Amino acid sequence: MTNNLKVLRAIKNISQEELAKKISVSRQTINAMEKGKYVPSTVLALKLARFFENPVEEIFSLENED
Amino acid sequence: MKTHFLFPNKFKILGWILFIPSLLTFMLASIFKLDIDKYLNIKVFAIYQESIGQKPGFFEIIEDSFSYELITILIILGGLFICFSKLKNEDEYTSKIRYESLVWATYFNYFLILFFTLFLYGMPFLNVIVYNVYTLLIFFMIRFHYLIYKLNKTSTDDE
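Protein chains in written order, with the working numbering: chain A, 1 to 66; chain B, 1001 to 1159.
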């Protein structure tokens, strides 16, 4: 699974730390998601979607191997 | 995040306080072959006992050294508190790391037991079984904290 969190975050001009606080996870978790090392739970994906005012599918997309 | 089965973060420090001195005592006693089983003689309740020089029996109050029992209790309680207290920033990613470390530690622990079952005979093997009371906790503790340390370290540089 890939995501464009980094891009969305750049558009909103918000740091990993600030985003982490908004959706109550650690900054390391945001970092791991941006690097594709961690696939978030549905709850966290929906929180991100709500924060970025984007549907989940706009933020996350499946890859061939998924 | 809602977490099941985890202690509050404060218990971690308590865990270290219980764990370190008792583990050190245990290790020093076994390295230098100190006979600490003669201290702390108290009356204990035994569901079943079969001590040397005593008639075996159920549900009896007997006198016995409580030093190894005390050390075992402190190591296990301390270890559980260290391993299973929430981190300061516990979230779903650290929960995943916690789970994976536990699986890793369980495999590692039983791999060692299998290895020693095959290649150690006699008294040394009994030692392995004795240490095994604590090793799963210790392997998990090391693996989990190493991964958390690595996580904190790698993600400090980029923003």
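By construction, the Cβ of each residue, glycine as well, lies at the ideal position given by its N, Cα and C atoms. All values reported here derive from a predicted model rather than from experimental measurement.
Close Cβ partners of residue i (< 6 angstroms) along its chain, the five nearest in sequence each way excluded
| i | result |
| --- | --- |
| Ile14(A) | none |
| Ile1061(B) | Lys1043, Phe1045 |
| Lys22(A) | Phe51 |
| Ile30(A) | Gln16, Leu19, Ala20 |
| Gly1079(B) | Phe1019, Leu1137 |
| Asn1109(B) | Thr1135, Leu1136, Phe1139 |
| Ile1036(B) | Ala1029, Ser1067 |
Residue i at chain B interface by Cβ criterion, 8 angstroms
| i | result |
| --- | --- |
| Ser26(A) | yes |
| Thr29(A) | yes |
| Ala32(A) | yes |
Amino acids of chain B, ordered along the chain, whose beta-carbon sits closer than 8 angstroms to that of residue i
| i | result |
| --- | --- |
| Leu19(A) | By Cβ distance, chain B contributes nothing, its closest Cβ being about 11 angstroms from Leu19(A), past 8 angstroms. |
Beta-carbon neighbours of residue i, restricted to chain B and to distances below 9 angstroms
| i | result |
| --- | --- |
| Ser61(A) | None at all; the shortest Cβ gap to chain B is about 20 angstroms. |
Integer Cβ distance of residue i from residue j, believed to fall under 8 angstroms
| i | j | result |
| --- | --- | --- |
| Leu1077(B) | Leu1018(B) | 6 angstroms |
| Phe1139(B) | Ala1105(B) | 4 angstroms |
| Glu34(A) | Lys6(A) | 5 angstroms |
| Phe1026(B) | Phe1084(B) | That belief does not hold up - the Cβ atoms of Phe1026(B) and Phe1084(B) are roughly 21 angstroms apart, past 8 angstroms. |
| Ile1075(B) | Ser1022(B) | 5 angstroms |
| Phe1116(B) | Phe1125(B) | 6 angstroms |
| Val56(A) | Ala49(A) | 5 angstroms |
| Val1133(B) | Thr1094(B) | About 27 angstroms separates the two Cβ atoms, so there is no contact after all. |
Closer than 8 angstroms to chain A by CB, residue i
| i | result |
| --- | --- |
| Leu1014(B) | no |
| Glu1159(B) | With a pLDDT of 49 at Glu1159(B), under the threshold of 50, the modelled position of this residue cannot be trusted, and the question is left open. |
| Asn1009(B) | no |
Amino acids of chain B, ordered along the chain, whose beta-carbon sits closer than 7 angstroms to that of residue i
| i | result |
| --- | --- |
| Leu44(A) | Glu1092 |
Same chain, Cβ closer than 7 angstroms to residue i, neighbours up to 5 away in sequence not counted
| i | result |
| --- | --- |
| Leu1120(B) | Val1128 |
| Arg1143(B) | Ser1101, Trp1104, Ala1105 |
| Lys1038(B) | Ser1065 |
| Val39(A) | Met1 |
| Glu63(A) | Met1, Thr2 |
Cβ neighbours of residue i in the same chain (closer than 8 angstroms, five flanking residues each side left out)
| i | result |
| --- | --- |
| Glu1159(B) | Reliability of the predicted coordinates at Glu1159(B) is poor, the pLDDT of 49 falling under 50, and no value is obtained from them. |
| Pro1056(B) | Tyr1048, Gln1049, Glu1050 |
| Ser61(A) | Met1, Thr2, Asn3 |
| Met1010(B) | As written in the sequence, residue 1010(B) is Lys, which differs from the Met given in the question. Result list for Lys1010(B): Ser1085, in chain order. |
| Ile59(A) | Asn3, Asn4, Leu5, Leu8, Ala45, Leu48, Ala49, Phe52 |
Cβ of residue i within 8 angstroms of any chain D Cβ
| i | result |
| --- | --- |
| Lys1055(B) | Protein chains A and B are contained in the structure displayed, whereas chain D is not. |
Task: Under 8 angstroms (Cβ pairs) to chain A, residues found in the stretch 1087 to 1115 of chain B - done: Asn1089, Asp1091, Glu1092, Tyr1093, Thr1094, Lys1096
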